[in-house]
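Contents: one structure, followed by commentary.
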Amino acid sequence: MQVSRLASKHRPFDRFETQAGCERFEKMTHNLKVTGFKHRILAEFSVPGLITLLEEATHNANPGFDWIYIDGSHEASDTFLDGELAWRLARNGSIIVFDDYHWNAQPAESPHHPRRGIDSFMTLHKGEYEMLSGAKDEEYQMVLRKTTDMNIGFAFNHTSRYQVKKELLRDAPVNIALAVDTAYAMPASVTIRSAASATAGRITFYVLDCGLAASDKARLRESLPEHRSDVTLVFLSPPESGLTQELGPIWSKFDLIQALPVERALYLDADILVRKSLRDLWSTELRDKLIAASPDVGHPYGHPSQKSGRIPYFNAGVMLIDLTRVRLIREDIDRTSREMKDSYFKDQDALNFIFRDKWLELSLAWNASGLGTYANMAHQDREHLKLGEMKDPSIVHFTGPLHPSLATLSTLGCNRMWLNPGGMPEPLDIPTGQNGGKRWRRGLHGKVGRVLPSMKR
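By numbering that gives the first Met the number 0, the letter at position 167 of the sequence shown is numbered 166, and the numbering carries on one by one without gaps.
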């Protein structure tokens with residue numbers, strides 16, 4: 000068996016004790032030296048060799064391989080096990096080659112034929128790869144291209160508690176929470192569709208209904224990718240005694256703390272475009288903090304009306320929340336929210352007061368706001384911000400009255416059809432006028448699925 004990094008490292012596996020094995024070893028060593036690339040040979044059986052690489056990968060900042068070749072035992076169970084362990088080392092887009100798929104020395108359905116193990120492997124990972132070769136009898140090998148992100152899925156004894164938790168979260172279902180009313184139903188459909196299209200694996204969207212019409216709910220359901228059975232949408236009702244009923248929809252994110260039926264959630268505002276997988280954000284270890292958020296680009300240290308000095312201030316449009324621990328202070332949260340109902344930035348001011356020393360700072364790539372507008376304006380409060388993190392952001396947040404121009408978004412690699420989903424010839428950011436919303440939705444549902452893959456990665 001062989002796994003390799005393209006133009007980087009080659010790590011083959013075989014036993015080299017027989018004369019034929021020694022000859023193969025000498026030939027392989029010679030060929031690897033000729034390439035001039037760094038290489039290493041692990042003279043191990045495939046399983047212990049793969050386990051060694053998996054353990055090393057947990058400490059590697061850029062783990063994984065781009066090309067994997069599996070050719071060893073013809074036993075179906077061995078082939079399946081080699082394939083499964085190698086899969087966990089395969090990056091998104093990597094090529095995996097199973098040799099002997101059409102081997103004729105044993106019946107194909109026999110447990111002594113690799114095909115039975117390969118077919119079982121492919122059934123297990125259906126929807127996570129593209130078949131490149133192997134369907135025809137003359138195609139001796141089964142060749143797959145992986146289409147999901149690399150995930151080892153387990154840790155080792157010496158791994159820290161935080162690493163273990165991060166690894167488990169990486170493969171866990173992602174819970175995404177939104178609070179939406181009729182006015183934001185259209186942009187929320189963009190948030191949902193883009194998040195689902197960019198993120199592989201199980202996802203549940205929990206939408207707090209802040210006054211949605213039946214037609215709004217139908218359109219939000221239509222925003223889910225048609226081919227993804229692992230993506231679901233659940234509508235929640237605000238609690239009768241909650242802040243939504245008392246203070247209005249702008250305070251609805253506080254009611255999610257009580258309404259969500261999960262222990263951890265990623266909250267997203269309804270005016271967000273997700274450009275890259277949310278898996279890394281979801282697996283962020285909060286350690287001793289209650290939430291994680293990005294600094295507010297417009298007001299990194301809050302605003303004068305707070306009268307609280309220069310205290311780091313986060314944007315509440317993207318928040319990773321430990322609901323189990325946050326619920327322990329729910330009474331304080333509700334009381335503070337009522338006391339601050341007239342504050343300048345309402346819920347965001349209250350959240351910053353409540354979590355002022357309890358939030359973990361995220362990269363601005365997870366909440367890029369002010370693109371092409373106030374983020375480009377020099378100000379002493381922004382001098383410490385790593386604004387370069389927003390050059391290729393994972394999440395674009397359309398905050399405030401000023402939104403990025405067409406030219407600004409185009410530099411991020413956004414397709415013109417995305418910016419103008421209705422397909423009109425005029426360069427509009429969002430269709431306007433009496434039927435603008437209908438034209439946007441109609442274009443969105445028909446085309447967004449084809450647009451996202453063309454965005455810059």
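By construction, the Cβ of each residue, glycine as well, lies at the ideal position given by its N, Cα and C atoms.
All values reported here derive from a predicted model rather than from experimental measurement.
Under the DSSP assignment, N30 falls in the alpha helix (DSSP H) whose first and last residues are Q18 to T34. Distance from the Cα of A258 is smallest, within the candidate group L246, L272, S240 and K275, for S240.
If you look at V325, you'll find it in the alpha helix (DSSP H) that goes L322 to V325. In the assembly as shown, G316 is a buried residue. Its beta-carbon has 16 or more other beta-carbons within 10 Å. D81 and C21 have their C-alpha atoms roughly 23 Å apart. S132 is bridged by DSSP to V142. Around the beta carbon of H29, a 10 Å sphere encloses fewer than 16 other beta carbons of the protein chains shown; the residue is thus reported as exposed. In this structure, the beta-carbon distance from D229 to I191 does not fall below 8 Å.
Counting only residues of its own chain and dropping the five nearest sequence neighbours on each side, H111 has a CB closer than 8 Å to the CB of H73, E74, A75 and Q105. One Cα belongs to E262, the other to G200, and the distance between them is close to 19 Å. Beta-bridge pairing by DSSP links I394 to V273.
C-alpha of L242 to C-alpha of V273: approximately 28 Å in a straight line. In the displayed model, D118 falls within a helix according to three-state DSSP.
DSSP, read as helix, strand or coil, puts I67 in strand. Spanning the alpha carbons of G116 and T57 requires a straight line of approximately 27 Å. Between V96 and V142 a beta carbon distance of about 5 Å is seen, short of the 8 Å cut, so the two are scored as contacting. With fewer than 16 other Cβ atoms from the protein chains shown falling within 10 Å of its own Cβ, Y343 counts as exposed. Beta-carbon to beta-carbon, S393 and W365 are separated by about 6 Å, close enough to satisfy the 8 Å threshold. Here Q379 is exposed, its C-beta having fewer than 16 other C-beta atoms within 10 Å.
Per DSSP, F79 is not a residue of any beta strand (DSSP E); the alpha helix (DSSP H) it occupies stretches across A75 to W86.
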